[in-house]
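Chain order of the listed sequences is A, B and C.
Residues in the first sequence are numbered from 14 upward in steps of one, following the numbering used here.
Residues in the second sequence are numbered from 14 upward in steps of one, following the numbering used here.
Residues in the third sequence are numbered from 14 upward in steps of one, following the numbering used here.
We put the CB at the ideal spot given by N, CA and C, even for glycine.
As the structure is a prediction and not an experimental result, all values here were calculated from the model.
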Amino acid sequence: MPLLHDDRLFPADPDTRAIARRLYATVRDLPIISPHGHTNAGWFASNEPFPDPAKLFIQPDHYVHRMLYSQGVRLEDLEIGKPVISDPRKVWRIFAEHYFLFRGTPSRLWLDYAFQEQFGLTERLGAQNADLYYDTIAEKLQTPEFRPRVLFERFRMEVLATTDAANDPLQDHQAIRDSGWQGRVIPTFRPDSVVDPDFPGFAENIVVLGEQTGEDTDTWAGYLAAQRKQRERFKALGATATDHGHPTARTENLSPEVCEQLFAAVRENEADDEDCEIFRAQMLTEMARMSVDDGLVMQIHPGSLRNHNQALFERFGRDMGADIPTPTNYVHALKPMLDVVGNEPALMIILFTLDESTFSRELAPLAGHYPCLRLGPPWWFHDSPEGMMRFRETATETAGFYNTVGFNDDTRAFLSIPARHDVARRTDCAFLARKVAEHVLEEDEAFVLAQDLTCNLVRSAYKL
Amino acid sequence: MPLLHDDRLFPADPDTRAIARRLYATVRDLPIISPHGHTNAGWFASNEPFPDPAKLFIQPDHYVHRMLYSQGVRLEDLEIGKPVISDPRKVWRIFAEHYFLFRGTPSRLWLDYAFQEQFGLTERLGAQNADLYYDTIAEKLQTPEFRPRVLFERFRMEVLATTDAANDPLQDHQAIRDSGWQGRVIPTFRPDSVVDPDFPGFAENIVVLGEQTGEDTDTWAGYLAAQRKQRERFKALGATATDHGHPTARTENLSPEVCEQLFAAVRENEADDEDCEIFRAQMLTEMARMSVDDGLVMQIHPGSLRNHNQALFERFGRDMGADIPTPTNYVHALKPMLDVVGNEPALMIILFTLDESTFSRELAPLAGHYPCLRLGPPWWFHDSPEGMMRFRETATETAGFYNTVGFNDDTRAFLSIPARHDVARRTDCAFLARKVAEHVLEEDEAFVLAQDLTCNLVRSAYKL
Amino acid sequence: MPLLHDDRLFPADPDTRAIARRLYATVRDLPIISPHGHTNAGWFASNEPFPDPAKLFIQPDHYVHRMLYSQGVRLEDLEIGKPVISDPRKVWRIFAEHYFLFRGTPSRLWLDYAFQEQFGLTERLGAQNADLYYDTIAEKLQTPEFRPRVLFERFRMEVLATTDAANDPLQDHQAIRDSGWQGRVIPTFRPDSVVDPDFPGFAENIVVLGEQTGEDTDTWAGYLAAQRKQRERFKALGATATDHGHPTARTENLSPEVCEQLFAAVRENEADDEDCEIFRAQMLTEMARMSVDDGLVMQIHPGSLRNHNQALFERFGRDMGADIPTPTNYVHALKPMLDVVGNEPALMIILFTLDESTFSRELAPLAGHYPCLRLGPPWWFHDSPEGMMRFRETATETAGFYNTVGFNDDTRAFLSIPARHDVARRTDCAFLARKVAEHVLEEDEAFVLAQDLTCNLVRSAYKL
């Protein structure tokens, strides 16, 4: 028996399921467009084999180790944070023993997909077959078929965007271009390190920003000019988008004089928490202005309280599964920015949320009005079958389908990319099938929509 | 093939669908009771033909033009805001070309219903048949069968309430009465212009209020007496309800001395934002007191941030589709008013929301306790199949069915009234059918409930 | 025809229903574990017959009388608050006449279950058979089969926890132990009266706390020591848990010096509202520290605004159905406590909510990370089929099943305990069946999960 059933995630009602099957058959093999994620361009630059199974599946996946940690597994025992895992088989066995914890989670669907589709495994993972899994995966990883570029092509990836700091030299992206390989791997401009005063090394980063661009980043005008130059550098390597992950969605629209003073205060570490928040808020508006000029699509990912677990942060650092969503307001928060750029015809701003209550209350009404706004797919904890279904149910009636932007996987785990897109395609087809079964849509429209949700909307929204 | 399937909005499971069909058959042809909306009494006073298709379907419908605007259509090209549309066929063609944007939205269901049921159209609207639609509709609008009073009767309307400013002379309502026509069209007392200090012309409106009523509206006592007289004037023309659309649900219970001072401040434009909010809050409690005395049903519609798009507001004015919901608190906000009138046996207050998270958390618990409170139907962005279903799912278990008040369409678009009530009846039957299929209700109870939700609850809640 | 159908609460789709039936068959007769509730230990100490039907079903059940009150029934007519009901048959008739109000509510399911399973009634309650019901129930209540201990055994109760004030002498619990009866009835430590400065008699309660424990509760250190001794006293009578029902989830982590001052202020009634809130917040952290040491499981039930109806509170006192949920924040609120104890391996903190929007946004992400956190079942207004289903749908994908703790009934109504557990078992099986039908889980896993959700998780979470 395979790990995954061909009808998974389709509605149980037989007629509705049949519609979902028909829709899915037309999108299953479409190319994967991945306009937002956190994979490593170096994989494709060097095309080296991926390391051992633990390093591949467990260490970088905070969905996986947060669940293990929540049930008492020590991060030390998983060798989290170590550059090289000393006993990867032992780490794998711990994971295998606890695999039942993932029942009902999207991680289970993603992992089983990779196990089955990429490694040919057919028996559910558990303590009893941990070594079989480990050996099978470890062996395949050393074969030519598992080199990153081969996988990229086997996955039918049309484009893959990484996420890169503003000052990143992007040498891996340059190396990919120089190599002559045709895979389209592009950077995304992520300026946290030079727009967030609370980012470690913020003042030094501003200095480097000036050095890299030849602008005088001691002044507000020079600082903005430097940001524009960095964005151009990203564009030259294929970037079509920027990404902004602030604690809140707050924006501001301050005078240049106030900005100048605020910029001095945050650089000299004389700003309090509120000043820092205002500075970040102002920078969203500045980035929107730059996007009007240079055409980069703006992604806003607000509302995560990072590193909630102080003790764990001190021992293991960032991204340890302790980022927790908070209530997020968009209506008042975005107004200053929208007052400036909201009606710009060529601007594209994609909004994400970790607070589902905003889909029907704020995000769909905003995106259903402002020409520059689109809704990103369900993000992070909501990148799951139930989360995706709630998104369609709560956003579609007000925003329609065409103010959404298709799926993006937002993953660090390269092998999970096909799995995640497959879950999204199946869930969208399940939603469309229900709408057809309930005669809200005709089936011919659902076929068009399935194509649009899978490929067309993401291509147009991200200008790909 | 018709535009609309007879089984639309019914559950896909065959047995459940069969129950829904049986229930719907008993309510499909019941009279339409429309106790809250924004149609124009003048239509029925003059009984003139409706104008061209664009003026009828596009210009007044902010659901329609907000969606077009969100996808880059300019409001100028739709001739929004013009008293006469110079090229209605061109406007209609733009609409037709973009009709696919409404897939999955309630607007699509409402429009298709009108196209099919009222104009006999059977082919889905698109660029290719824009002129066919235009000509068919334009022609029929000139026939006697499409005069407002004929439609009112054909729609089996038992009662239609409009919404009218406190100082409105109500001459159209008087003219309807004087005409001898038997259609029951009644006004609703909407006092924003004389209770909201932020309303344009507030101070002047207070002067007019005094002139119309012969009360001294320079004093708090005279102002309240004038409000009471206006309410009596509305009652004399058939009104059974008042309507209050404040930015928040806040209420206050201040002493008469404080009210006197606050009233002076807001009249003389010496009040700050907080004072204005407090004044509105106090006026909800005053209006509740008046309702205890005169029996008018009180409707509270809070939580919309009006005119969010500043540039559009400056060019086109109000009601341009840029009103956005905000998080709304009821539990603390309503307490001052409920402390005064919450246990009055004859009082009826109907609560609405644009913040769905309040249904299970606040509104159903409040309405499931206070004798004066009832829950209004899903409002505005939630007046949709998914929104209605979520309302029943989240409110019923705590408030029961009998603390809800049936459906009201809240529409400006007269032709969409039958469509909206049809969607509500189908969705309620779908919900009831599921409850019968899951043996939470017996089918005989569901038949009673279907009648209650369609007619009996609205008649009793609105004292019709 | 029976009152309740054997397939109630199962999905309508035939294949999915068949899976649900198979799952339910394996858990229907499992023992009832009730680790949190508000029944009266005195019933089992004295083993006296329950009184009349009105006293049993109506007077203590705020779900019942709040619904009647919301529809205009006067609490006086229900003899609410009277120690002895003078005309219980009349009260019962009022209830029977209004029984239709409960259509679609969980109360209806619970009541019908008790009527059918415990009293053999088969005809739906209404005005026409009120006396038949009354006489049948009244007669049976006098038989030996309806003595509390016999019912306890017939219900297959493995354990029943009551909720008891910190200073409660627990003589009923002692009497049960002394009686030699083997039923496991245990207390739960609920310290509101000695940790909440707003609790009536707070200062006096602190004095009694000192007297009972021999500690000097005039000092912060002595006060904490006294709390520890009381907890030990509860443990000695079988308690495994504490319970904390604060207005918010706020916690604090103040220095002992500040605590000392704050404690003096709240004891001497010199604290303002904010001080009282901070004191309660600090005490959650103190209680968590004590739980680290003594192993008592900590339950946090925040977010109810108690006694919202001031007039009713003044006439009838607490628990009159006027407690209303409020928006509740956990992410910032719990951080001070979690900074202290969040990574303690042996600590168990169970979180509840009345604000469903927190399940996916805050609670599942927190419980899916912190080893000490688990999610309690849907509580109060959400202890209902739809509420339970939404809980599983919104929490499972992020927290998994194994960071939840099974069901607890939280009831004052002893006869409703089997009904409530039955609703929970059916709803969990319905959810699992859907996941199996959609191939997210394999059926063998669903059978394991059904056992875990019914018995194993609650046993381990509550250390039973």
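Please report how far the alpha carbon of D288/C lies from the alpha carbon of A294/C, in whole angstroms. So the two alpha carbons sit approximately 10 angstroms from each other.
Verify the CB distance criterion: does I337/A have a CB-CB separation below 7 angstroms to chain C? Using a CB distance cut-off of 7 angstroms, I337/A counts as an interface residue toward chain C.
Should Y475/B be flagged as near chain C, meaning a C-beta pair shorter than 7 angstroms? No, no contact with chain C.
Just the Cα atoms here: how many angstroms apart are L347/C and E273/A? Going by the C-alpha atoms only, they are around 38 angstroms apart.
Closest by C-alpha distance to E357/C, when choosing among I313/C, D307/C, E406/C, E369/C: Comparing Cα positions, the closest option is D307/C.
Let me know the beta strand (DSSP E) ranges lying completely inside the stretch 369 to 438 of chain A, each 3 residues or longer, listed in chain order. Those beta strand (DSSP E) runs which fall completely within the stretch 369 to 438 of chain A and span 3+ residues are 386 to 388.
Rounded to the nearest angstrom, what separates E171/B and I45/B at their Cα positions? Those two C-alpha atoms are separated by around 6 angstroms.
Would I363/B pass as a contact of V418/B if the rule is Cβ separation under 7 angstroms? Taking 7 angstroms as the Cβ cut-off, I363/B and V418/B qualify as a contacting pair.
Counting C-beta neighbours from all protein chains within 10 Å, is the total for E228/A 16 or more, i.e. buried, or is it exposed? Classification for E228/A: buried.
Have a look at L16/B, Y76/B, L114/B and flag the residue whose alpha-carbon is nearest the alpha-carbon of F414/A. Nearest to F414/A by alpha-carbon distance, out of L16/B, Y76/B, L114/B, is L114/B.
Distance check for F165/C and M333/A, CA to CA, integer angstroms please. Distance from the CA of M333/A to the CA of F165/C, rounded to the nearest whole angstrom, comes to 47 angstroms.
When Cβ atoms are compared, which residues of the stretch 105 to 119 of chain A fall closer than 8 angstroms to chain C? If the cut-off is 8 angstroms between Cβ atoms, the stretch 105 to 119 of chain A has F113, L114, F115, R116, G117, T118, P119 near chain C.
Strictly under 7 angstroms for the Cβ-Cβ distance: is L22/A near chain C by that measure? True, the Cβ-Cβ gap to chain C drops below 7 angstroms.
Out of Y37/C, E89/C, A25/C, Y126/C, which one is the CA nearest neighbour of L428/C? Checking every option, the nearest Cα to that of L428/C belongs to Y126/C.
When DSSP labels each residue in this structure, what does V310/A get in the three-state scheme? Reduced to three states, the DSSP call for V310/A is strand.
How many whole angstroms separate the CB atoms of H345/C and E369/C, which I take to be in contact at a CB cut-off of 8 angstroms? That belief does not hold up - the Cβ atoms of H345/C and E369/C are roughly 19 angstroms apart, past 8 angstroms.
Measuring only the C-alpha atoms, how far is D100/A from G133/A? Distance between the alpha carbons of D100/A and G133/A: 24 angstroms.
Interface residues of chain A facing H49/B [CB-CB closer than 9 angstroms]: Neighbours of H49/B in chain A, taken as residues whose beta carbon is under 9 angstroms from its own, are absent, since the nearest beta carbon is some 20 angstroms off.
Spatial neighbours of T339/A in its chain, beta-carbon cut-off 6 angstroms, leaving aside the 5 residues before and after: Annotation for T339/A: G316, L318 place their beta carbon closer than 6 angstroms to its own, counting only its chain and skipping 5 residues before and after.
Any contact of the stretch 232 to 240 of chain B with the stretch 70 to 86 of chain B, i.e. 3+ C-beta pairs under 8 angstroms? Verdict: no, contact absent.
Of the choices A474/A, W393/A, Y383/A, whose alpha-carbon is the least far from that of R374/C? When each option's Cα is compared against that of R374/C, the closest is W393/A.
7 angstroms Cβ cutoff met for Y146/C and L138/C: Closer than 7 angstroms, so yes.
Cα-Cα separation, F489/C to E158/C: Shown here, chain C extends from 14 to 477; a query on residue 489/C therefore has no answer.
To test your reading of the DSSP string, which unbroken alpha helix (DSSP H) runs of 4 or more residues are found completely within the stretch 125 to 188 of chain B? Secondary structure in the stretch 125 to 188 of chain B: the alpha helix (DSSP H) runs of 4 residues or longer, each lying completely within the stretch, are 143 to 154, 161 to 167 in chain order.
Got a sec? Which residues, its chain only, sit under 7 angstroms from L445/C by beta carbon, not counting five neighbours each side? Cβ within range, chain order: L36, L454, A459, L462, A463.
Could you tell me whether any Cβ in chain B is nearer than 7 angstroms to the Cβ of R433/C? Answer no: the Cβ-Cβ gap between R433/C and chain B never drops below 7 angstroms.
Looking at C-alpha atoms only, which residue of D177/C, A359/C, H111/C, I93/C is the closest neighbour of R252/C? For the sequence presented, residue 252/C should be read as Ala rather than Arg. Between A252/C and the set D177/C, A359/C, H111/C, I93/C, the nearest pair of CA atoms involves D177/C.
Given this structure, state the Cα-to-Cα distance separating E327/B from P200/A, to the nearest angstrom. Cα to Cα, the separation comes out at about 40 angstroms.
Output the boundary residues of the beta strand (DSSP E) element that contains A335/B. Premise fails: A335/B is in no beta strand (DSSP E) and is neither H nor E.
Any contact between the stretch 23 to 30 of chain C and the stretch 117 to 124 of chain C? By contact I mean 3 or more CB pairs, one from each, below 8 angstroms. Cβ pair count under 8 angstroms is below three, so no.
Which residues bound the beta strand (DSSP E) around A254/C? 254 to 257 is the span of the beta strand (DSSP E), which, as asked, contains A254/C.
According to DSSP, simplified to helix, strand and coil, what is V97/B? Secondary structure of V97/B (DSSP, three-state): coil.
Inter-residue spacing [alpha-carbon to alpha-carbon] between E299/A and F329/B: Each residue's CA atom was taken as its position, placing E299/A and F329/B some 27 angstroms apart.
Could you name the residues of chain A that A334/B contacts, counting a contact when the two beta carbons are closer than 7 angstroms? Here residue 334/B turns out to be Gly, not Ala, going by the sequence shown. Against chain A, a Cβ distance below 7 angstroms from G334/B picks out H382.
Just the C-alpha distance for N282/B and F212/B, rounded to the nearest angstrom, thanks. Taking the straight line joining both Cα atoms gives about 12 angstroms.
With I32/C as the anchor, note down where its alpha helix (DSSP H) starts and where it stops. Where I32/C is concerned, the enclosing alpha helix (DSSP H) stretches over 27 to 40.
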